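Student:
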Amino acid sequence: MIQMTNVSKWYGPVQVLNNASVQVNKGDVVVVCGPSGSGKSTLIKTVNALEPVQQGEIIVNGIKVTDPKTDLPKLRSKVGMVFQHFELFPHLSVTENLTIAQIKVLGRKPDEAKTRGLKMLDRVGLMAHKDKFPGQLSGGQQQRVAIARALSMDPMVMLFDEPTSALDPEMVGEVLDVMVTLAKEGMTMMVVTHEMGFARKVANRVIFIDVGGRILEDCSKDEFFGNPEARQPRTKDFLSKIL
Ligand code: ADP
Ligand code: MG
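Anchor point for the sequence shown: position 186 equals 186 in UniProt numbering, and the numbering is continuous, going up by one each time.
(1) In terms of residue numbering, what span does the alpha helix (DSSP H) encompassing Leu72 cover?
(2) State the CB to CB distance for the pair Ser77 and Val105, rounded to an integer number of angstroms; the pair is presumed to be in contact (CB under 8 Å).
(3) Mind the definition here: the region 152-168 touches the region 127-135 only if three or more C-beta pairs lie below 8 Å; say whether that holds.
(4) May I have a chain-ordered list of the beta strand (DSSP E) segments no shorter than 3 residues that lie completely inside the region 41-96?
(5) Any heavy atom of the ligand ADP closer than 7 Å to the CB of Lys40?
(6) Does the beta-carbon distance from Val60 to Lys9 come in below 8 Å?
(7) Is the beta carbon of Lys132 closer than 8 Å to that of Val94?
(8) Would the region 206-219 and the region 31-47 be scored as touching if the rule is three or more Cβ pairs under 8 Å?
(9) What residue ranges within the region 138-189 form continuous beta strand (DSSP E) runs of no fewer than 3 residues, ordered along the chain?
(10) Quick one, are the C-beta atoms of Val29 and Asn204 less than 8 Å apart?
(11) What residues in its chain sit with their C-beta under 8 Å from that of Pro90, if we drop five residues either side in the sequence?
(12) Where does the unbroken alpha helix (DSSP H) through Thr193 begin, and where does it stop?
(13) Going by C-alpha distance, which of Gln55, Met179, Asp168 and Val172 is nearest Leu151?
(14) Near Thr66, what residues of its chain come up, given a Cβ to Cβ distance below 6 Å and the 5 sequence neighbours on each side ignored?
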């Protein structure tokens, strides 16, 4: 589904991705972790070309993201993205948030978009809030709307960038529950998170990136958590701080 090969990126003189190669197969749940500033957000944003790269190749479901001729809006419409800060449209109702991209980007009829959007809203348990505005919802609820919005586009893969790190602790669980359900239903997911409970539950792979954008670990969840002796010193140090 996602094939990144020898991807490097610089901001000016600063290298933020260093020869990164990542393969995500259909149905994979890949958790990406690493210290602040290591390039996790940058890595995940390169998948739908929100961040361009100077070297390497990225292919998503057969579409060459790094080819200048690629229709990026079309690609992005099929790659669901959920950010740390929800990024809902504050002036639109929940239902309008769920339908606007379906109508404007996918060309769906308003009725069809509404049916699809509300089905996804129901899936994240928020049907009762369909006519509210984002500001009337808790952070956890807003993030679940953001997930429903992404799902309404029928994405082939979902990217999450620290989806729970801006939430009050008591709201983390409700968002993770939605993500766990998605994962168990077979959604292909790439998830930047430090929620190692989530990783243990549903990840099939864990990637660790170190500062400078170098992938130090890319292994199965069982190997990552079950065989600490085999981990790099940087990884062990990181895990000792967050676990
Ligand atoms: P992470 O998500 O792991 O915290 P980021 O991918 O956000 O890391 O950032 C990686 C590095 O790139 C950091 O050193 C950050 O300061 C730098 N960086 C991120 N965005 C920009 C930008 N737009 N311009 C310059 N430097 C940036
Ligand atoms: Mg980040």
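Backbone N, C-alpha and C fix where the C-beta goes; we use that ideal spot for every residue, glycine too. Quantities reported herein were computed from a predicted structural model and do not represent experimental measurements.
Tutor: Quick look at the numbers:
(1) On the sequence shown, position 72 is the one that residue 72 refers to. Counting along the chain, the alpha helix (DSSP H) containing Leu72 begins and ends at Leu72 to Ser77.
(2) By 1-based counting over the sequence shown, the position of residue 77 is 77. By 1-based counting over the sequence shown, the position of residue 105 is 105. Correct: roughly 5 Å between the Cβ atoms.
(3) Because the criterion of three Cβ pairs below 8 Å is not met, the region 152-168 and the region 127-135 do not touch.
(4) With a minimum length of 3 residues, the continuous beta strand (DSSP E) runs that stay inside the region 41-96 are 55-60 and 79-82.
(5) Your numbering for residue 40 matches position 40 in the sequence shown. Result yes, Cβ under 7 Å from the ligand ADP.
(6) In the sequence shown, residue 60 corresponds to position 60, counting from 1. In the sequence shown, residue 9 corresponds to position 9, counting from 1. Going by C-beta atoms, Val60 is not nearer than 8 Å to Lys9.
(7) Indexing the sequence shown from 1 puts residue 94 at position 94. Indexing the sequence shown from 1 puts residue 132 at position 132. Cβ atoms of Val94 and Lys132: closer than 8 Å.
(8) The region 206-219 is in contact with the region 31-47.
(9) Correct list: 157-161.
(10) As a first step, residue 29 is located in the sequence shown; it is residue number 29 there, counting from the start. As a first step, residue 204 is located in the sequence shown; it is residue number 204 there, counting from the start. Yes.
(11) If you number the sequence shown from 1, residue 90 lands on position 90. Within the same chain, Phe133, Pro134 and Gly135 come within 8 Å of Pro90 by CB-CB distance, once the 5 residues on both sides are set aside.
(12) Reading the sequence shown from its first residue, position 193 is the one you call residue 193. Segment: none, Thr193 is in no alpha helix (DSSP H) and carries neither H nor E.
(13) Counted from its first residue, the sequence shown places residue 151 at position 151. The residue with the shortest Cα to Cα distance from Leu151 is Met179.
(14) For the purposes of this step, residue 66 is taken as the residue at position 66 of the sequence shown. Result list for Thr66: Glu57 and Ile58, in chain order.
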